[in-house]
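K.L.:
With UniProt numbering, letter number 161 in the sequence shown gets 161, and the count goes up by one each step, no holes. Even glycine gets a Cβ: it sits at the ideal position worked out from N, Cα and C. I'd like to ask you about the structure that follows.
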Amino acid sequence: MKTKNLSIKIVIALVLGIAVGSVCNLFVQSAFVEIIDKYLFNVIGQIFLNLIFMLVVPVVFVSIVLGVVGVGDPKLLGGIGLKTISFFLTTTALAIIIGIALALIFKPGEGKSDLLKSEDVSSYQQTLNKDNSQGSAAKQTFDQTLINLFPKNPIQAMTDGNMLQIITFAIFIGIGIIMVGSKAQIVHRLFEQTNEILMYIITMIMRVFAPIGTFGLVAHAFTGAGFGAIQQLGMYFFIVLLALFIHFFVVYGSAVKLLGNYSPLKFFKGFLPAITIGFSASSSNAALPVSMNCTKKMGVRPEIASFVQPLGATINMDGTAIMQGVATIFIAQISGAQLSIGQLATVVIIAVVASVGTAGVPGVGLIMLAMVLNAVDLNPAAIGIILGIDRLLDMTRTSVNITGDAACALIISRKEDKKLASQSESI
Numbered sequence: 001m002k003t004k005n006l007s008i009k010i011v012i013a014l015v016l017g018i019a020v021g022s023v024c025n026l027f028v029q030s031a032f033v034e035i036i037d038k039y040l041f042n043v044i045g046q047i048f049l050n051l052i053f054m055l056v057v058p059v060v061f062v063s064i065v066l067g068v069v070g071v072g073d074p075k076l077l078g079g080i081g082l083k084t085i086s087f088f089l090t091t092t093a094l095a096i097i098i099g100i101a102l103a104l105i106f107k108p109g110e111g112k113s114d115l116l117k118s119e120d121v122s123s124y125q126q127t128l129n130k131d132n133s134q135g136s137a138a139k140q141t142f143d144q145t146l147i148n149l150f151p152k153n154p155i156q157a158m159t160d161g162n163m164l165q166i167i168t169f170a171i172f173i174g175i176g177i178i179m180v181g182s183k184a185q186i187v188h189r190l191f192e193q194t195n196e197i198l199m200y201i202i203t204m205i206m207r208v209f210a211p212i213g214t215f216g217l218v219a220h221a222f223t224g225a226g227f228g229a230i231q232q233l234g235m236y237f238f239i240v241l242l243a244l245f246i247h248f249f250v251v252y253g254s255a256v257k258l259l260g261n262y263s264p265l266k267f268f269k270g271f272l273p274a275i276t277i278g279f280s281a282s283s284s285n286a287a288l289p290v291s292m293n294c295t296k297k298m299g300v301r302p303e304i305a306s307f308v309q310p311l312g313a314t315i316n317m318d319g320t321a322i323m324q325g326v327a328t329i330f331i332a333q334i335s336g337a338q339l340s341i342g343q344l345a346t347v348v349i350i351a352v353v354a355s356v357g358t359a360g361v362p363g364v365g366l367i368m369l370a371m372v373l374n375a376v377d378l379n380p381a382a383i384g385i386i387l388g389i390d391r392l393l394d395m396t397r398t399s400v401n402i403t404g405d406a407a408c409a410l411i412i413s414r415k416e417d418k419k420l421a422s423q424s425e426s427i
């Protein structure tokens, strides 16, 4: 009952944040509104975000270690890992294909070449020039990405919030505990107790801060952007939302029903608290503690939730892939460029590969989009056109990203349960 009440409070806070932020946006030039936005909405929103981010690294590290130990058999762990990555790569490819297809059908950029003359484009060009002069991390090669999976200094990886390196280190610690066996029982118990403490803190933060924090974050976002930005790029905004909607309900709903034999309605309802946190925080990592709690309540085995969802927060970016597909076609259309089948295939491949290892933090999708545009000879500075509404879309696509992680965890858990049940019957 408490969980249901909390979900209702968060949804109410979300709606109020949109309403209040939109009204404030009408008077955004007012000094009074500026003060309220800066010292009230932004402050309470950032405090809530900091409280969540405070727990991300310890939760990911402890959860992955316990997930690996819980699976027990390194071979079984490898099988679960392969299924997880296969699911994520497949849904990401589907996501960007949906985005590209809808953009090609509805043509949101046709007849809008004048947008390229806007100040936003020249402003973003200056930002890109600055990034290029400092050496952009987005240009990291495949071999560097592979090498950077393995941390030279795990403490530094935790300090920097490098999720892939943290996950790699945690997997090695988990395997070490398994191989040492009973001698490592005290260490195993320490991780379990630490996990209990972290889960208690998460519950406390959610009950006390989630509604007001959600209100602050959403009100701040809509005060800055408002519906004016949506009106200018209405068709683009609509197509991204439509693609997200289709992927969310059709792809994930079908996967949960057909692969997991679980009610999609029950799944979406049970995951609602995490969806609202993902929406307001615009960060897969920030929503991770809450999303893991939700899946465990749906019956997902703790060791699988602890392994699959932190991994998904790092490598599963379906919502971001949709944005990249639509944005690439949109920018091509306003630029008067015709993308070939080969270039469209390049967009799909690069977006899928780029999603692996991308940090689950706000705004990272724009860095990935710049990579995609460069690959098909489009000007990355055109990203400046969509910056005004990207914060609003970022909130929505984050909700899609974390729902994909949860769907994967649920499906794998139920398949493993079914496998164990059939093995027991045969014995």
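Can you grab the Cα-Cα spacing for the pair A409 / N285, in whole Å?
P.N.:
Position 409 of the sequence shown, counted from the first residue, corresponds to residue 409. Position 285 of the sequence shown, counted from the first residue, corresponds to residue 285. Whole-angstrom Cα-Cα distance: 16 Å.
K.L.:
Tell me the rounded alpha-carbon separation between V56 and P289.
P.N.:
Counted from its first residue, the sequence shown places residue 56 at position 56. Counted from its first residue, the sequence shown places residue 289 at position 289. C-alpha separation (whole angstroms): 7 Å.
K.L.:
Here's a check: name, in chain order, each residue in its chain whose Cβ is nearer than 6 Å to the Cβ of A170, leaving out the five neighbours to either side.
P.N.:
Position 170 of the sequence shown holds residue 170. So the list reads F61, I64 and V65, once near-sequence residues are dropped.
K.L.:
From L49, I411 and I35, pick the residue whose C-alpha is nearest to that of S263; which is it?
P.N.:
Position 263 of the sequence shown, counted from the start, is the residue given in the question as residue 263. Ranking L49, I411 and I35 by Cα distance to S263 puts I411 first.
K.L.:
Quick one: any contact between the segment 393-403 and the segment 369-378, if contact means 3 or more CB pairs under 8 Å?
P.N.:
Counting Cβ pairs under 8 Å, fewer than three are found: no touch.
K.L.:
Under a three-way DSSP split, which group does R414 fall into?
P.N.:
Position 414 of the sequence shown, counted from the start, is the residue given in the question as residue 414. Helix, per DSSP.
K.L.:
Beta-carbon within less than 6 Å of Q343's beta-carbon, same chain only, minus the 5 sequence neighbours each way: which residues are those?
P.N.:
By one-based count along the sequence shown, residue 343 stands at place 343. Cβ neighbours of Q343 beyond the five flanking positions: V376.
K.L.:
Is the distance from the Cβ of residue 429 to the Cβ of S254 below 9 Å?
P.N.:
Residue 429 is absent from the model: the chain starts at 1 and stops at 427.
K.L.:
Which residue comes first and which comes last in the alpha helix (DSSP H) that contains S30?
P.N.:
If you number the sequence shown from 1, residue 30 lands on position 30. Run containing S30: none; DSSP gives neither H nor E here.
K.L.:
By a C-beta neighbour count over all protein chains shown, 10 Å radius and 16 as the cutoff for buried, is G404 buried or exposed?
P.N.:
Residue mapping note: residue 404 aligns to position 404 of the sequence shown, counting from 1. Result: buried.
K.L.:
Buried or exposed for F237, please, with buried defined as at least 16 other CB atoms from any protein chain shown within 10 angstroms of its CB.
P.N.:
Translated into the one-based positions of the sequence shown, residue 237 becomes position 237. Its Cβ being crowded by 16 or more others within 10 Å, F237 is buried.
K.L.:
Skipping 5 residues on each side, what residues in its chain have a beta carbon closer than 6 Å to that of G216?
P.N.:
Counted from its first residue, the sequence shown places residue 216 at position 216. If we look at G216 and ignore the five residues flanking it on each side, its Cβ neighbours are F41, I44 and G45.
K.L.:
Can you tell me the Cα-Cα spacing of residue 432 and S280, whole angstroms?
P.N.:
Past the edges of the chain, shown from 1 to 427, lies residue 432, and the structure says nothing about it.
K.L.:
Going along the chain, which residues of its own chain have a beta-carbon closer than 7 Å to the beta-carbon of A337, five neighbours each way excluded?
P.N.:
In the sequence shown, residue 337 corresponds to position 337, counting from 1. Excluding sequence neighbours, A337 sits near L378.
K.L.:
So is S291 buried or exposed if we call it buried at 16+ other beta carbons inside 10 Å?
P.N.:
On the sequence shown, residue 291 is found 291 positions in, with the first residue counted as 1. So S291 counts as buried.
K.L.:
Could you pull out every residue in the same chain whose Cβ sits closer than 6 Å to the Cβ of S413, ignoring the five residues on either side in sequence?
P.N.:
For the purposes of this step, residue 413 is identified with residue 413 of the sequence shown, where counting begins at 1. Excluding sequence neighbours, S413 sits near V300, R301 and I304.
K.L.:
Is there contact between the segment 9-27 and the segment 183-200, where contact requires at least three CB pairs shorter than 8 Å?
P.N.:
Touching, no, given that fewer than three Cβ pairs across the two stretches are closer than 8 Å.
K.L.:
If you draw a straight line from the C-alpha of T91 to the C-alpha of F32, how long is it?
P.N.:
As a position in the sequence shown, residue 91 is number 91, starting the count at 1. As a position in the sequence shown, residue 32 is number 32, starting the count at 1. The alpha-carbon atoms of T91 and F32 are separated by roughly 45 Å.
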